[in-house]
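Worksheet: one structure, shown below.
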Amino acid sequence: MSSCEHLSMDNHHYNHNPNELYTLEVQSIEIVDKLSNHITEEKLIKRDYWKGKIDFLIACLGFSIGLGAFLIPYFISVFLAGIPLFLLEVTVGQVTRRGVIAAWNICPLFQGKL
Numbered sequence: 298m299s300s301c302e303h304l305s306m307d308n309h310h311y312n313h314n315p316n317e318l319y320t321l322e323v324q325s326i327e328i329v330d331k332l333s334n335h336i337t338e339e340k341l342i343k344r345d346y347w348k349g350k351i352d353f354l355i356a357c358l359g360f361s362i363g364l365g366a367f368l369i370p371y372f373i374s375v376f377l378a379g380i381p382l383f384l385l386e387v388t389v390g391q392v393t394r395r396g397v398i399a400a401w402n403i404c405p406l407f408q409g410k411l
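Sequential numbering from 298 applies to the sequence shown in our numbering.
Right, dumping it as structure tokens:
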């Protein structure tokens with residue numbers, strides 16, 4: 298007898314009770330049935346959905362780190378303060394025919410002096 302003969306896969310070496318094998322098979326079938334029922338129940342649950350692509354995009358921007366809390370105040374300040382101040386500076390510069398810094402000398406209040 299060689300050294301590997303005791304490792305052979307013959308069915309003669311396995312002493313399984315047929316009832317035990319049947320019980321294991323029934324248990325595994327019951328587990329599979331429970332899992333498949335659980336999966337089908339999850340599929341039947343109605344889920345919410347996005348009404349449009351823009352809604353999804355806005356929600357993604359809002360959930361990004363710091364982006365929702367930053368973009369809205371930034372755009373408000375740009376449109377309400379930044380652009381009007383830029384246009385004021387360009388207009389004063391054209392009227393006085395001075396550079397950017399010298400244009401603010403038109404009024405002492407603009408220099409920060411009273």
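Note that beta-carbon positions come from the ideal geometry of N, C-alpha and C, so glycine has one too.
In whole angstroms, what is the alpha-carbon distance linking glutamate 386 and valine 397? On the sequence shown, position 89 is the one that residue 386 refers to. On the sequence shown, position 100 is the one that residue 397 refers to. Answer to the nearest angstrom: the Cα atoms are 7 Å apart.
Here's a check: name, in chain order, each residue in its chain whose Cβ is nearer than 7 Å to the Cβ of phenylalanine 353, leaving out the five neighbours to either side. Within the sequence shown, residue 353 is the residue found at index 56, counting from 1. Within the same chain, phenylalanine 353 has close Cβ partners Trp347.
Nearest by alpha-carbon distance to leucine 413: which of Ile351, Phe360, Ala400 and Glu322 is it? Residue coverage of the chain in this structure runs from 298 to 411, which leaves residue 413 outside it and unanswerable.
Beta-carbon separation of isoleucine 403 and threonine 393 under 7 Å? In the sequence shown, counting from the first residue as 1, residue 403 sits at position 106. In the sequence shown, counting from the first residue as 1, residue 393 sits at position 96. A contact, by the Cβ cut-off of 7 Å.
In the DSSP assignment, find the unbroken alpha helix (DSSP H) run with lysine 350 in it and report its ends. By 1-based counting over the sequence shown, the position of residue 350 is 53. Here the alpha helix (DSSP H) through lysine 350 covers 350-360.
Output the distance between the C-alpha atoms of glycine 390 and phenylalanine 376, rounded to the nearest integer angstrom. One-based indexing of the sequence shown puts residue 390 at position 93. One-based indexing of the sequence shown puts residue 376 at position 79. The alpha-carbon atoms of glycine 390 and phenylalanine 376 are separated by roughly 21 Å.
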